[in-house]
Amino acid sequence: MARACSHDLRVRVLDAVGAGLSRRAAALRYRVGIATVIRWAAHATTTGETRAQRQGRPSGSTLDVHEAFLLALTEEKDAITLAEMQERLRAERSVSVGLGTLWRFFARRAVTWKR
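Last residue of the sequence shown? That's 195 in the working numbering, and every number before it is there in order.
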């Protein structure tokens, strides 16, 4: 994944665009991609923010709010499978998740059980 350009460069480019320079001319002057300057200017116009947005996936899981329910399922039935948990989530909580999501949820909490 590419790194974000410096905030100083972004401000200089956006100042040039604000002073009347076209986005393409600003891209050429500061040696930045044309599409990049267009995106920066659009983001600055809509939000008023000149800083780069945070990169990467947000931390946490969609299952974090259902932690107590899932842990209760493992205590309720010793040999419950991930597919059975998936069905219970869908039926009782209207939450549709994949088996991999359930696997990662329990792996992060170091919860294991043997059949």
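Ideal placement from N, C-alpha and C gives every residue a C-beta, glycine not left out.
Less than 8 angstroms between the beta carbons of residue i and residue j, yes or no?
i	j	result
Trp193	Thr142	no
Ala163	Leu179	yes
Val91	Arg103	no
His146	Leu169	yes
Arg109	Ala96	yes
To the nearest angstrom, report how far apart residue i and residue j are at their CA atoms.
i	j	result
Arg131	Asp144	30 angstroms
Val93	Ala107	8 angstroms
Gln166	Arg188	17 angstroms
Phe186	Ala152	13 angstroms
Ala113	Ser139	A small correction: the amino acid at residue 113 is Gly; Ala does not occupy that position in the sequence shown. Cα to Cα, Gly113 sits roughly 30 angstroms from Ser139.
Arg134	Arg83	11 angstroms
Val177	Ala105	47 angstroms
What did DSSP end up calling residue i once you bin it into helix, strand or coil?
i	result
Thr116	helix
Gly98	helix
Ala163	helix
Thr125	helix
Val177	coil
Trp193	coil
Span of the alpha helix (DSSP H) holding residue i?
i	result
Leu105	According to the sequence shown, residue 105 is Ala rather than Leu. That run of the alpha helix (DSSP H) goes 103-110.
inquiry  = Would you call the segment 158-173 in contact with the segment 115-127, where contact means no fewer than 3 C-beta pairs closer than 8 angstroms?
reply    = no
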